[in-house]
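*Asks:* I have a structure here, written as structure tokens, and I will follow up with some questions on it.
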DNA sequence: CTGTTAGCGCCTTCAA
DNA sequence: TTGAAGGCGCTAACAG
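Protein chains in written order, with this note's numbering: chain B, 1 to 341; chain P, 342 to 682.
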């Protein structure tokens, strides 16, 4: 292996000066030339292990997410990686497969691994692991989901307002009996529920218990399909169903397929996460009907998370004041919502 | 930061012995106890930077893939990560967005970063970067695509035989006019073409130039849609179209949707990469018709790649003999292929 | 702006 | 089996 010592010998410039040069500090011109020449000749590269040992920096960011095999995180990840790699950072990827204990273990391991920061899409309501990081001066950026009571940098979308607006729009189209299919308990699901509840309330509509389903414990299409059908089979079925996440949308689509439900003739549907806009879901745009729904700006989430992280690393963790960024969504209206007047 | 020196002080055992203990060597029983106690009390963790500096190992594997936002790599990645992380390895993820120059740069950067190995799904026909790694004794496992003339560990599926068999099956169903939609030039596309060509040849069917389209330069649905329609509009159109990859399948589906093509009444379709089996594509199983097609065992690819990599790291790179693993696919027949007799 | 020097935390001889 | 000592490659303080 070729080390800085070899460069020293070949260039005749001292290690210290070489190190300065490598780290972008000013060096006498002819020294810079000598160094560059030697580096090229030897094909020298800085040893990140050695420099990291001194500086306690690894130029590495840990990314901890629930699942990589969905439609949501890959685009975010791509944008994030693109940005940080341009700035000479690497990402260590960890999937915890929606296993809270594993999530915490992975975060702790990354700390031990000396990453310079952690991007976390948590499934936990208990932020002990996050607190630990912050105490150890390791920046964390929460992605997509906040943790109540934890002050930490974050990038999320405006789940509450998006839902409030979407539901309100449907109400203006004449819908009064609006159901919500909720998913596994999570920060995002909670926020969306609040938006739904408050939109009804604001428009003086009653929130009916039987109009709320909770498809929990799994992300199975079939559970969601069943819940969808249960809503339709109520004595007084809803005229519109709001699917709180894409797994529920899939269930609704499956129900439609199996039971030949006409949308929007028999029931209107809107969804959080409108599918056709997912870059890796070019296929999904081929599904009919396309649900009206809320689009999250995935690329932007990834990019902003990257910027926030690198800024935080640069600024350091003293005088920490959490920065919470909330991005806007857009609503796409398709033929899946009937006009009721 | 708590170091091995602190453990030494607290336990009264020397650093050397502690280090041995940490690395699984035998240590006198009561020393082991003292060490363990001190470690727990101090919450000590080995500093991977320092130990790496000595051992030149980082317990890190670089993963270089074309795109993370498709349906193919995420499941592979998940299986890979699951296996290697259980063995205390981390993965550094790199997307090169189908940019060959970037691919090479990423591989080189990972080498400089001192990863212990690299998993590479290449888009290149020129394996200089791979050769460099091997020369530097850094193991590489090629994923999904081989590079002609490069002897390197690999995990691929049997593109040639799978295609040969699938086409043969269709021929047995009475199809004689069989078209192939090819994609961007790649190892996999080449292999699939050979399988197609040889299946025709073996069954004494003529390979017709006008039955082969190449949708290249991009992965656009609309290009593929156009090519699909071009085939249908031939004077003597094919009775069956083989889509060589999923982007082409998407184009075919789009054509069907826009032009109201009846499948298989007007034309039969089969595809490489049958969609419904992609774990992140639960949605896609909702698309009708489902194309008959070839399923690659994605989880297995990831797992085997992980095993191969860790074995190689363990064995070291002396007496290197490349191990090439070829996994079997399965063919799923749906209603998208008509019986012609 | 430069070179000398002393570690960063760990592992690994070596002699005991 | 153990402890003392040196060094992995780099950076940062210091004196010039």
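Ideal placement from N, C-alpha and C gives every residue a C-beta, glycine not left out.
If the criterion is Cβ atoms closer than 7 Å, does the pair residue 264(B) and residue 179(B) meet it?
*Replies:* Along the first chain, one-based indexing puts residue 264(B) at 264. Along the first chain, one-based indexing puts residue 179(B) at 179. No, they are not a contact pair.
*Asks:* Buried or exposed: where does residue 250(B) fall if 16 or more other Cβ atoms within 10 Å of its Cβ makes it buried?
*Replies:* Sequence index remark: in the first chain, residue 250(B) carries index 250 (1-based). Buried, because 16 or more other Cβ atoms sit within 10 Å of the Cβ of residue 250(B).
*Asks:* When you compare the CB positions of residue 243(B) and residue 255(B), do they come within less than 7 Å of one another, or not?
*Replies:* Here residue 243(B) refers to the residue found at position 243 when the first chain is read from its first residue. Here residue 255(B) refers to the residue found at position 255 when the first chain is read from its first residue. Contact: no.
*Asks:* Report the three-state DSSP secondary structure of residue 153(B) (helix, strand or coil).
*Replies:* On the first chain, position 153 is the one that residue 153(B) refers to. The answer is strand: DSSP assigns residue 153(B) an E or B state.
*Asks:* Short of 7 Å in beta carbon distance, which residues of its chain neighbour residue 351(P), apart from the five on each side in sequence? Order them along the chain.
*Replies:* By one-based count along the second chain, residue 351(P) stands at place 10. So the qualifying residues of the chain are 379, 382 and 383.
*Asks:* Can you tell me where the alpha helix (DSSP H) holding residue 426(P) begins and where it ends?
*Replies:* Start at 1 with the first residue of the second chain, and residue 426(P) comes out as number 85. 414-427 is the span of the alpha helix (DSSP H), which, as asked, contains residue 426(P).
*Asks:* Please list, in chain order, the chain B residues whose beta carbon lies closer than 9 Å to that of residue 365(P).
*Replies:* In the second chain, residue 365(P) corresponds to position 24, counting from 1. None at all; the shortest Cβ gap to chain B is about 18 Å.
*Asks:* Take residue 634(P) as the anchor and find which of 607(P), 664(P) and 589(P) has the nearest alpha-carbon.
*Replies:* Walking along the second chain from the start, residue 634(P) turns up at place 293. It is 589(P) whose Cα lies nearest to the Cα of residue 634(P).
*Asks:* Is residue 637(P) near residue 675(P), with beta carbons less than 7 Å apart?
*Replies:* Walking along the second chain from the start, residue 637(P) turns up at place 296. Walking along the second chain from the start, residue 675(P) turns up at place 334. No, the Cβ-Cβ distance between residue 637(P) and residue 675(P) is not below 7 Å.
*Asks:* Checking contacts by CB at 7 Å: is residue 226(B) closer than that to chain P?
*Replies:* Numbered from 1 along the first chain, position 226 holds the residue referred to as residue 226(B). Not closer than 7 Å to any Cβ of chain P, the Cβ of residue 226(B) fails to qualify, so no.
*Asks:* At the 7 Å Cβ level, is residue 260(B) part of the contact set with chain P, yes or no?
*Replies:* As a position in the first chain, residue 260(B) is number 260, starting the count at 1. By this cut-off, residue 260(B) is not an interface position.
*Asks:* What's the gap between the Cα of residue 430(P) and the Cα of residue 421(P)?
*Replies:* Numbered from its first residue, the second chain carries residue 430(P) at position 89. Numbered from its first residue, the second chain carries residue 421(P) at position 80. Rounded to whole angstroms, residue 430(P) to residue 421(P) spans 11 Å at the Cα level.
*Asks:* Would you say residue 139(B) and residue 325(B) are within 7 Å of each other, going by their C-beta atoms?
*Replies:* Here residue 139(B) corresponds to residue number 139 of the first chain, with the count starting at 1. Here residue 325(B) corresponds to residue number 325 of the first chain, with the count starting at 1. No, they are not a contact pair.
*Asks:* Going along the chain, which unbroken runs of the beta strand (DSSP E) with 3 or more residues stay wholly within the region 591-677 of chain P?
*Replies:* Taken in chain order, the unbroken stretches of beta strand (DSSP E) that lie wholly in the region 591-677 of chain P and span 3 residues or more are 609-613, 633-636, 665-668 and 671-673.
*Asks:* On the three-state DSSP scale, how would you describe residue 520(P)?
*Replies:* Counted from its first residue, the second chain places residue 520(P) at position 179. Three-state DSSP puts residue 520(P) in a strand.
*Asks:* Would the region 188-203 of chain B count as touching the region 153-162 of chain B if we require 3 or more Cβ pairs under 8 Å?
*Replies:* yes
*Asks:* Beta-carbon within less than 7 Å of residue 96(B)'s beta-carbon, same chain only, minus the 5 sequence neighbours each way: which residues are those?
*Replies:* In the first chain, residue 96(B) corresponds to position 96, counting from 1. Taken in chain order, the residues that qualify are 64, 66, 102, 103 and 106.
*Asks:* Tell me, please, whether the region 640-652 of chain P touches the region 611-619 of chain P by the rule of three or more beta-carbon pairs shorter than 8 Å.
*Replies:* no
*Asks:* How is the alpha helix (DSSP H) around residue 546(P) delimited, first residue to last?
*Replies:* Residue 546(P) sits at position 205 when you count from the first residue of the second chain. That residue, residue 546(P), is in no alpha helix (DSSP H); it is neither H nor E in DSSP.
*Asks:* Quick check: the Cα distance between residue 287(B) and residue 515(P), rounded to an integer number of angstroms?
*Replies:* Stepping through the first chain from its first residue, residue 287(B) is reached at position 287. Stepping through the second chain from its first residue, residue 515(P) is reached at position 174. Taking the straight line from one Cα to the other gives about 31 Å.
*Asks:* Cβ closer than 8 Å: which chain P residues qualify as neighbours of residue 114(B)?
*Replies:* Mapped onto the first chain, residue 114(B) falls at position 114. Going along chain P in sequence order, the residues near residue 114(B) (Cβ under 8 Å) are 388, 389 and 390.
*Asks:* Hey, does residue 430(P) have any beta-carbon neighbour from chain B nearer than 7 Å?
*Replies:* In the second chain, residue 430(P) corresponds to position 89, counting from 1. No - not a single Cβ of chain B is within 7 Å of the one on residue 430(P).
*Asks:* Using a C-beta to C-beta distance shorter than 9 Å, which residues of chain B count as neighbours of residue 422(P)?
*Replies:* Translated into positions along the second chain, residue 422(P) becomes position 81. Result: 68, 93, 94 and 95.
*Asks:* Do residue 483(P) and residue 493(P) have their C-beta atoms within less than 7 Å of each other?
*Replies:* Within the second chain, numbered from 1, the residue matching residue 483(P) stands at position 142. Within the second chain, numbered from 1, the residue matching residue 493(P) stands at position 152. The answer is yes: Cβ separation under 7 Å.
*Asks:* When DSSP labels each residue in this structure, what does residue 501(P) get in the three-state scheme?
*Replies:* Numbered from 1 along the second chain, position 160 holds the residue referred to as residue 501(P). It is helical.
*Asks:* In the DSSP assignment, find the unbroken beta strand (DSSP E) run with residue 212(B) in it and report its ends.
*Replies:* As a working mapping, residue 212(B) is identified with position 212 in the first chain. Note, residue 212(B): beta strand (DSSP E), 212-214.
*Asks:* Only counting the same chain, and skipping five residues up and downstream in sequence, which positions put a Cβ closer than 7 Å to that of residue 299(B)?
*Replies:* If you number the first chain from 1, residue 299(B) lands on position 299. Same-chain partners within the cutoff: 75 and 79.
*Asks:* So if DSSP puts residue 62(B) in a beta bridge, which residue, or which two residues, is it bridged to?
*Replies:* Looking up residue 62(B) in the first chain gives position 62. According to the DSSP secondary-structure assignment, residue 62(B) is paired through a beta bridge with 92(B) and 118(B).
*Asks:* Residue 50(B) and residue 394(P) look like a contact to me (Cβ under 8 Å); what is the Cβ gap, rounded to whole Å?
*Replies:* On the first chain, position 50 is the one that residue 50(B) refers to. On the second chain, position 53 is the one that residue 394(P) refers to. Contact check for residue 50(B) and residue 394(P): beta-carbon distance about 5 Å, within the 8 Å limit, so the pair qualifies.
*Asks:* The region 231-252 of chain B: which residues have C-beta closer than 9 Å to a C-beta of chain P, in chain order?
*Replies:* 246, 247, 249 and 250
*Asks:* At the 7 Å Cβ level, is residue 102(B) part of the contact set with chain P, yes or no?
*Replies:* By 1-based counting over the first chain, the position of residue 102(B) is 102. No, because no Cβ of chain P sits closer than 7 Å to the Cβ of residue 102(B).
*Asks:* Just to confirm before moving on: does the CB-CB distance between residue 137(B) and residue 389(P) stay below 7 Å?
*Replies:* Sequence index remark: in the first chain, residue 137(B) carries index 137 (1-based). Sequence index remark: in the second chain, residue 389(P) carries index 48 (1-based). Against a cut-off of 7 Å, the Cβ pair of residue 389(P) and residue 137(B) comes out as no contact.
*Asks:* Could you tell me which residues DSSP puts in a beta bridge with residue 140(B)?
*Replies:* Here residue 140(B) corresponds to residue number 140 of the first chain, with the count starting at 1. Beta-bridge partners of residue 140(B) (DSSP): 118(B).
*Asks:* Find out if the Cβ-Cβ distance for the pair residue 13(B), residue 44(B) is shorter than 7 Å.
*Replies:* Position 13 of the first chain, counted from the start, is the residue given in the question as residue 13(B). Position 44 of the first chain, counted from the start, is the residue given in the question as residue 44(B). At the C-beta level, residue 13(B) and residue 44(B) stay beyond 7 Å of one another.
*Asks:* Of the residues 70(B), 119(B), 186(B) and 85(B), which one's Cα is nearest the Cα of residue 93(B)?
*Replies:* Along the first chain, one-based indexing puts residue 93(B) at 93. Selection 70(B), 119(B), 186(B) and 85(B) evaluated against residue 93(B) yields 119(B) as nearest (Cα-Cα).
*Asks:* With DSSP as the reference, label residue 342(B) as helix, strand or coil.
*Replies:* Shown here, chain B extends from 1 to 341; a query on residue 342(B) therefore has no answer.
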